[in-house]
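*Asks:*
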Amino acid sequence: FYNMTWKENVVSCKYGIKGTSGNSAEKQFGTAMDARKYVDKVLADKLRNGYYEASSSTNSSVFISNSKTSTAITSKTIESKIVKDDPEEQLEDLENGLKVYIQGSSSLPYTCKKFDGGYSCTCQGWTMNVKNKGVQATSCKHLRSIRGDEAEYLRCEENSGVFNPSSKSQRSNGIVAKIALAHPWKQTTDPTGYLMSEKLDGMRAYWTGKQLFTRSGLAIVHPEWFTAAFPKDLELDGELFLGRKKFEECMSITRRTDKGGDWTRVSYVVFDAPTVAGGIQTRLETAAEAIQTVAEVGKTLEEKAAIRIHPFEICQGLPHVLEALAAVEILGGEGLMLRHPTARHRAGRTNDLLKVKSFHDDEALITGYEQGKGKYAGMVGALVCVARSGARFKVGSGLVDNQRSYSNAPKIGSVITFKYFELSNDGIPRFPTFMRIRTDVDASEFPST
Numbered sequence: 327f328y329n330m331t332w333k334e335n336v337v338s339c340k341y342g343i344k345g346t347s348g349n350s351a352e353k354q355f356g357t358a359m360d361a362r363k364y365v366d367k368v369l370a371d372k373l374r375n376g377y378y379e380a381s382s383s384t385n386s387s388v389f390i391s392n393s394k395t396s397t398a399i400t401s402k403t404i405e406s407k408i409v410k411d412d413p414e415e416q417l418e419d420l421e422n423g424l425k426v427y428i429q430g431s432s433s434l435p436y437t438c439k440k441f442d443g444g445y446s447c448t449c450q451g452w453t454m455n456v457k458n459k460g461v462q463a464t465s466c467k468h469l470r471s472i473r474g475d476e477a478e479y480l481r482c483e484e485n486s487g488v489f490n491p492s493s494k495s496q497r498s499n500g501i502v503a504k505i506a507l508a509h510p511w512k513q514t515t516d517p518t519g520y521l522m523s524e525k526l527d528g529m530r531a532y533w534t535g536k537q538l539f540t541r542s543g544l545a546i547v548h549p550e551w552f553t554a555a556f557p558k559d560l561e562l563d564g565e566l567f568l569g570r571k572k573f574e575e576c577m578s579i580t581r582r583t584d585k586g587g588d589w590t591r592v593s594y595v596v597f598d599a600p601t602v603a604g605g606i607q608t609r610l611e612t613a614a615e616a617i618q619t620v621a622e623v624g625k626t627l628e629e630k631a632a633i634r635i636h637p638f639e640i641c642q643g644l645p646h647v648l649e650a651l652a653a654v655e656i657l658g659g660e661g662l663m664l665r666h667p668t669a670r671h672r673a674g675r676t677n678d679l680l681k682v683k684s685f686h687d688d689e690a691l692i693t694g695y696e697q698g699k700g701k702y703a704g705m706v707g708a709l710v711c712v713a714r715s716g717a718r719f720k721v722g723s724g725l726v727d728n729q730r731s732y733s734n735a736p737k738i739g740s741v742i743t744f745k746y747f748e749l750s751n752d753g754i755p756r757f758p759t760f761m762r763i764r765t766d767v768d769a770s771e772f773p774s775t
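Here it is as structure tokens:
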């Protein structure tokens, strides 16, 4: 096992044989950011050398192990993935809203669950089909094994004709030209005076005054009441947000195609008003006034709660950024965003908008597979990818065993999010690690291959 704990600028390591107390070591760095970068680099090296992440934690500890016979447990509670073989018990649990674990082709089980109007599974068959068919019309062999072939056929058949926002005919290409995208923040940039806020882990959404669209210009289908309190004469940029560490849940609601799902749990968190002149603070003040004006005209509490301005504070300097970043990450947040205080809105990738994370992340298009070796012989060893910049590289770390079979691996032509330590001089990500599939990002954003 190998365990790393960091607190501010001090990194503590514990390593050894499972069942023993192991050995300990401690290392001090100049800044908290340097300490975190060191942790990410060491863990990336371990993962590349055959270790696997035994658990994910929002606190400062990361446990990884090169033995798959048992699982290390952090101080955080980890959900027990108990596979039940009784079909009646599986069905009862699923219909009662509990997660049901189905043994797949590897040692790691798939997770099936029910939500309003649909069912989901973590297998690649379900994940890849949901983008084109919609949540209600998507099934897989694992859901069929629980609910029965006939029940799943009827459910999917009943919902197969609903509006599909992923259709290219529903795309608004003008939206893409309005979206501002962030560059990574570097410590050489003085953050003093920037507007600082938490980076939200939801789905980017652009309000035109009439309709919500994804960042790639696809219409978002939602209940009519959800946008009743949105200003009709002002364009807004924001995030459909459910809460920290709830990205998948958020997507399961916001990517539905029948206006169903528990939208009362979703908030449209506004962080810009692109068409307003002036700096970001002026733009947000204008947006807040417009939202307040609409809310005063007979709107329900539910309608008012659907939209809010993202809170921010004025950054006081480098120590402030590092302290805020540590606080957000302890709570399970992604990181921070810094917005230039006086710059007008600029679409495209801009240095007026900076993202602050302990690690870098980006999206890439899968263009092929590299054959696995050793224990992964006959399986996917790595995903062959291309970035928006045209850089080509391979992502092998982060894939769990049930994602390495060719039938379950992320599909060629799909977009993934990966994290990495830094870019090489040639612009190639160092130590790239797979994080998740991004059904809300379109493949057309990447160079053709």
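Taking the working numbering, the leading residue of the sequence shown gets 327, the next gets one more, and so forth.
Glycine included, C-beta positions come from ideal geometry on N, C-alpha and C.
#1: Helix, strand or coil, according to DSSP, for P645 in the structure here?
#2: Spell out whether any CB of chain B is found under 8 Å from the CB atom of K701.
#3: Once DSSP output is grouped into helix, strand and coil, what is the label at S338?
#4: Give me the Cα-Cα distance between G604 and H666, rounded to the nearest whole angstrom.
#5: Distance check for I501 and S391, CA to CA, integer angstroms please.
#6: Restricting to Cα atoms, I'd like to know which of N728, S750, S723, V710 is closest to I738.
#7: Taking C-beta to C-beta, are K625 and A554 nearer than 8 Å?
#8: Rounded to a whole number of angstroms, what is the C-alpha to C-alpha distance between Q729 and Y445?
#9: For the alpha helix (DSSP H) containing C482, list its first residue and its last residue.
#10: Cα separation between V595 and R672?
#11: Hey, would you say F638 sits closer than 8 Å to M761, going by beta carbons?
#12: For T540 and V767, what's the separation of their Cα atoms in angstroms?
#13: If you draw a straight line from the alpha carbon of K340 to that of L526, how long is it in whole angstroms?
#14: Which residues mark the beginning and the end of the alpha helix (DSSP H) in which E622 is found?
#15: Locate the beta strand (DSSP E) running through S523, then write down its first and last residues.
#16: Looking at C-alpha atoms only, which residue of G564, E550, L568, A653 is the closest neighbour of F299?
#17: Just list the residues that DSSP pairs H666 with in beta bridges.
#18: With a threshold of 7 Å on Cβ separation, who are the neighbours of K735 within its own chain once the five nearest residues in sequence on each side are excluded?
#19: Quick one: grab the DSSP three-state call for T676.
#20: Is DSSP giving S387 helix, strand or coil here?
#21: Between the C-alpha atoms of T464 and A351, what's the straight-line distance to the nearest angstrom?
#22: Pick from T448, D588, C482: whose alpha carbon is nearest that of K459?
#23: If contacts are defined as beta-carbon pairs under 8 Å, then K585 and P557 qualify, I think. What distance do you get, rounded to the angstrom?
#24: Looking at F552: is its Cβ nearer than 8 Å to the Cβ of W589?
#25: Kindly indicate which three-state DSSP category Y732 falls into: helix, strand or coil?
#26: Do you know whose CA, among R470, E622, R634, R675, lies nearest E611's CA?
#27: Note the first and the last residue of the continuous beta strand (DSSP E) segment covering T437.
#28: Excluding the five sequence neighbours on either side, which residues of its own chain have a C-beta within less than 6 Å of the C-beta of N485, listed in chain order?
#29: Identify which residue in T515, Y732, I742 has its Cα closest to the Cα of L644.
#30: Does the separation of the CB atoms of F744 and T759 fall below 8 Å?
*Replies:* Here's the rundown:
#1: Mapped onto the sequence shown, residue 645 falls at position 319. Helix, per DSSP.
#2: In summary, chain B is missing from the structure at hand, where a single protein chain is found.
#3: Your numbering for residue 338 matches position 12 in the sequence shown. Three-state DSSP puts S338 in a strand.
#4: Residue 604 sits at position 278 when you count from the first residue of the sequence shown. Residue 666 sits at position 340 when you count from the first residue of the sequence shown. Looking at the two C-alpha atoms, the distance is approximately 11 Å.
#5: Here the question's residue 391 lines up with position 65 in the sequence shown. Here the question's residue 501 lines up with position 175 in the sequence shown. With a pLDDT of 46 at S391, under the threshold of 50, the modelled position of that residue is not reliable, and the figure given next carries that caveat. In a straight line, the C-alpha of S391 is about 45 Å away from that of I501.
#6: Here residue 738 is taken as the residue at index 412 of the sequence shown, counted from 1. Out of N728, S750, S723, V710, V710 has the C-alpha closest to the C-alpha of I738.
#7: In the sequence shown, the residue the question calls residue 625 occupies position 299. In the sequence shown, the residue the question calls residue 554 occupies position 228. Closer than 8 Å, so yes.
#8: In the sequence shown, counting from the first residue as 1, residue 729 sits at position 403. In the sequence shown, counting from the first residue as 1, residue 445 sits at position 119. Each residue's Cα considered, the two are about 20 Å apart.
#9: To locate residue 482, count along the sequence shown from 1; it is residue 156. C482 -> alpha helix (DSSP H) spans 475-484.
#10: Position 269 of the sequence shown, counted from the first residue, corresponds to residue 595. Position 346 of the sequence shown, counted from the first residue, corresponds to residue 672. Rounded to the nearest angstrom, the two C-alpha atoms are 20 Å apart.
#11: As a first step, residue 638 is located in the sequence shown; it is residue number 312 there, counting from the start. As a first step, residue 761 is located in the sequence shown; it is residue number 435 there, counting from the start. Not in contact: F638 and M761 (Cβ atoms no closer than 8 Å).
#12: Sequence index remark: in the sequence shown, residue 540 carries index 214 (1-based). Sequence index remark: in the sequence shown, residue 767 carries index 441 (1-based). About 9 Å.
#13: In the sequence shown, the residue the question calls residue 340 occupies position 14. In the sequence shown, the residue the question calls residue 526 occupies position 200. Their backbone Cα atoms lie some 32 Å apart in a straight line.
#14: Position 296 of the sequence shown holds residue 622. E622 -> no alpha helix (DSSP H), and no H or E assigned at all.
#15: Residue numbering aside, residue 523 sits at position 197 when the sequence shown is read from its first letter. Boundaries of the beta strand (DSSP E) around S523: 521-525.
#16: What the structure shows of the chain is the stretch from 327 to 775, and residue 299 is not part of that stretch, so it cannot be assessed.
#17: As a first step, residue 666 must be located in the sequence shown, where it is residue number 340. Answer by DSSP bridge pairing: none, since H666 is not bridged.
#18: Translated into the one-based positions of the sequence shown, residue 735 becomes position 409. Inspection of the sequence shows that residue 735 is occupied by Ala rather than by Lys. Result list for A735: Q450, Y695, V706, Q729, in chain order.
#19: Taking the sequence shown and counting its residues from 1, the one referred to as residue 676 is at position 350. The answer is strand: DSSP assigns T676 an E or B state.
#20: Counting from 1 along the sequence shown, the entry for residue 387 is found at position 61. Caution applies to S387, whose pLDDT of 42 falls short of 50 and renders its modelled position unreliable; the value that the coordinates give is listed next. DSSP places S387 in strand when its eight states are reduced to three.
#21: Here residue 464 refers to the residue found at position 138 of the sequence shown. Here residue 351 refers to the residue found at position 25 of the sequence shown. The straight-line gap from Cα to Cα measures roughly 50 Å.
#22: Residue mapping note: residue 459 aligns to position 133 of the sequence shown, counting from 1. The candidate whose alpha carbon is nearest that of K459 is C482.
#23: Residue numbering aside, residue 585 sits at position 259 when the sequence shown is read from its first letter. Residue numbering aside, residue 557 sits at position 231 when the sequence shown is read from its first letter. So it is not a contact: roughly 21 Å between Cβ atoms.
#24: Counting from one through the sequence shown, the residue named residue 552 turns up at place 226. Counting from one through the sequence shown, the residue named residue 589 turns up at place 263. It is a contact, given that the beta carbons lie within the stated cut-off.
#25: If you number the sequence shown from 1, residue 732 lands on position 406. Coil at Y732, not helix or strand.
#26: Residue 611 sits at position 285 when you count from the first residue of the sequence shown. Of the listed residues, the one whose Cα sits closest to E611 is R634.
#27: Your numbering for residue 437 matches position 111 in the sequence shown. Element bounds for T437: 436-441.
#28: As a position in the sequence shown, residue 485 is number 159, starting the count at 1. Excluding positions up to five away in sequence, the list reads Q462, A463.
#29: Position 318 of the sequence shown, counted from the start, is the residue given in the question as residue 644. L644 has its Cα closest to that of T515, out of T515, Y732, I742.
#30: The residue labelled residue 744 in the question sits at position 418 within the sequence shown. The residue labelled residue 759 in the question sits at position 433 within the sequence shown. Their beta carbons are under 8 Å apart, which means F744 touches T759 by this criterion.
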